[in-house]
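Just so we're aligned: 332 in this note's numbering is position 346 of the first sequence, and the numbers increase by one with no gaps anywhere.
Heads up, the beta-carbon is just placed ideally off N, CA and C, and yes, glycines get one too.
Working notes, structure below.
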Amino acid sequence: MAAPARLSTRLLNICISSFCKAHQVAKAESVYVDGIRLGVLPDVVTFNTLISAYTRFDGFDSAYSVLYRMEKAGVSPDVVTYNSLLAGAARERELSKTLHLFDEMRQRGIVPDVWSYNTLMHCLFRLGNPDEANRVFKDIISQGLEPHTATFNIMINGLCKNGCTANALMLFRNLKRHGFVPRLVTYNILIDGLCKARRLAAARRMLMELKSSGYTPNAVTYTTVMKCCFRSKKFEQGIEILQEMMSNGYTFDGFGYCTAAGALIKSGRRNDAFECMEKMERSGIGPDIVYYNTLMNYYCKEGKVGAAFELVGEIQSRGWKCDEYTHTILVDGLCKAGKVKDAQGHLQYMNDIGLSSDLVARNCVVDGLGKSGKIGLAMKMFKSMKLKDSCTYSSMVHNLCKAGRYRTASKLLLSCLKSGIKILPSARSAVINGLRSCGLQREAKTLKSKIKLARVLHH
DNA sequence: TTAGGGTTAG
């Protein structure tokens, strides 16, 4: 009698797995329920399949709740169960949850494998803890576990992301000497790391090494290098790379075009930006919401808020919805056009339609009020904001200075220093210069030394 | 299970 039961569990698992692979978790669940009704007992594979699907399509919490069901059914979780949960939590950037799960796993006597460690390392790096990640890496080796290529890539990536590009490069060289064969991913990681560390010559050499290893740069390589060009104000080169991407078929979506256009708009090169958008239009890639947002931003920066608003109708006629970016661009466009009242109205509209992530739009309005001389209203709005970020504060400090209220600006700046909120250097010097300009030399000096002290304390 | 990732404010 045991054999048919096992067989039917296998069939159940195959069935559940097929539905999960087709993103149909609800159907997989109904198969599970039908199975139970027919007396088919689920096993650890059944639950692991469901957990893995839930982490992918429904989020960590629903995946974790399967663990309870599993235990109720008398099935014990294994290393695969926990690896899925770890990956799910890490994917949602629930880093402390990931660490907690790792402990939980060990407390239950489940021995982590190399993938559990990989996820743990990745998580520690994201938490900004490269030393701890390095310890885990050494643990893997000392336990005699066989590291996977991904293990090395996670290490190299983590070191780069934590500002240890030199160490990453050293590790890469050492590994290569010991027979490690880098993948294209590895090269892309290093090129990005070197670009962000502004080591452009080294990045270029790595790109050559990538090619001489027999790899062809892919879309990731291109986007990475292009962003790097724009960041270092090499606009012509950036545009050339976009052109190369186009001719090599790497602009299969709007990413390349909109990245380039966004960077060009920001640096004031609006004609070049518009050309990028035209290239995208001509390429036959259909416009998407980001395309429209970028175009709207272009119009707003050109001072053509009306043209930007006309695009709203076009978006809606396609049956799409404007997102928080769209509305924020419009709010800012109105502010910059001197129509702060309309901007406030549009902000209210954003809230009415249920767009709750409006911090940037609020920041725009606070700044708009300040810049149009309504410092009292700006201050009132600033005080009413529950959520603020360093932009909110920087903008307020700037506008207080503009209104000649240097003492208030100084007080606000000091409170930021105390709580570790970063204020733009230009806003800081505006306060100091302002205090000086009205004869408050001593206050200016005290403030300056306090800024210095805060810099030491926060480093 | 590891890489880039487009659009908004100071």
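With a cutoff of 8 Å on beta-carbon distance, N143 and L170 are scored as not near each other. Between the alpha carbons of E267 and S343 lies a distance of about 30 Å. Per DSSP, the continuous alpha helix (DSSP H) segment holding L316 begins and ends at E310 to K322. Taking C-beta atoms as the reference points, M382 and V352 count as a pair closer than 8 Å. Here DSSP, grouped into helix, strand and coil, assigns L24 to coil. By the neighbour-count criterion, in which 16 or more other beta carbons inside 10 Å mark a residue as buried, K307 falls on the exposed side. Counting the other Cβ atoms within 10 Å of the Cβ of C424 gives fewer than 16, which makes it exposed. Rounded to the nearest angstrom, the Cβ distance from V100 to I126 is 6 Å, consistent with a contact under 8 Å.
Of C6, L131, V276 and K388, the smallest CA-CA separation from A246 is found for V276. By the 16-neighbour rule on beta-carbons within 10 angstroms, V97 is exposed. For H86, the enclosing alpha helix (DSSP H) begins and ends at L81 to Q93.
Under a 10 Å Cβ-count criterion, M282 is classified as buried, with 16 or more other Cβ atoms of the shown protein chains found around its own Cβ. Using a Cβ distance threshold of 8 Å, Y18 and T32 count as a contacting pair.
The beta carbons of G242 and M212 sit about 7 Å from each other, so the pair counts as a contact at 8 Å.
With respect to C146, G179 sits close: the two C-beta atoms are nearer than 8 Å. For S(-6), the closest alpha carbon among the candidates A8, Q10, R92 and R23 is that of R23.
Short of 8 Å from the beta carbon of K360, and not among the five residues preceding or following it, lie these beta carbons of its own chain, in chain order: V326.
Counting C-beta pairs closer than 8 Å gives fewer than three between the stretch 184 to 199 and the stretch 224 to 232, which falls short of the contact rule. Residues L316 of the same chain have their beta carbon placed closer than 8 Å to that of F295, with the five preceding and five following residues left out of the count. Across the set I0, G200, H134 and T312, the C-alpha of H134 shows the shortest separation from the C-alpha of M107. By the Cβ neighbour-count rule, I2 is buried, with 16 or more other Cβ atoms within 10 Å of its own. P116: member of the alpha helix (DSSP H) spanning P116 to S128, first to last residue. Each residue's CA atom was taken as its position, placing C350 and T378 some 9 Å apart. Taking 8 Å as the upper bound for CB-CB distance, M336 and A347 are in contact here, some 6 Å apart. Counting the other Cβ atoms within 10 Å of the Cβ of D375 gives fewer than 16, which makes it exposed. About 14 Å separates the Cβ atoms of A73 and T35, ruling out a contact at the 8 Å cut-off.
Along the stretch 192 to 233, the beta strand (DSSP E) does not occur as any fully enclosed run of 3 or more residues. Burial is judged here by how many other beta carbons sit within 10 angstroms of a residue's own beta carbon; M367 has at least 16 and is buried. Sequence-distant partners of L131 (beyond 5 residues in either direction) whose C-beta falls short of 6 Å from its own C-beta, in its chain, are V100. Scanning its chain for C-beta atoms nearer than 7 Å, with the 5 sequence neighbours on each side dropped, one finds around F43 the residues H9 and V11, in chain order. Between E80 and F46, the beta carbon gap of about 6 Å places them in contact (Cβ cut-off 8 Å). Within the stretch 244 to 275, complete alpha helix (DSSP H) segments of at least 4 residues are found at 256 to 269, given in chain order.
Only residues of its own chain outside the window of five on either side were considered, and among them C109 have a CB closer than 7 Å to the CB of L85, listed in chain order. Between Y68 and S102, the beta carbon gap of about 7 Å places them in contact (Cβ cut-off 8 Å).
For C181, the uninterrupted alpha helix (DSSP H) segment begins and ends at L170 to K182.
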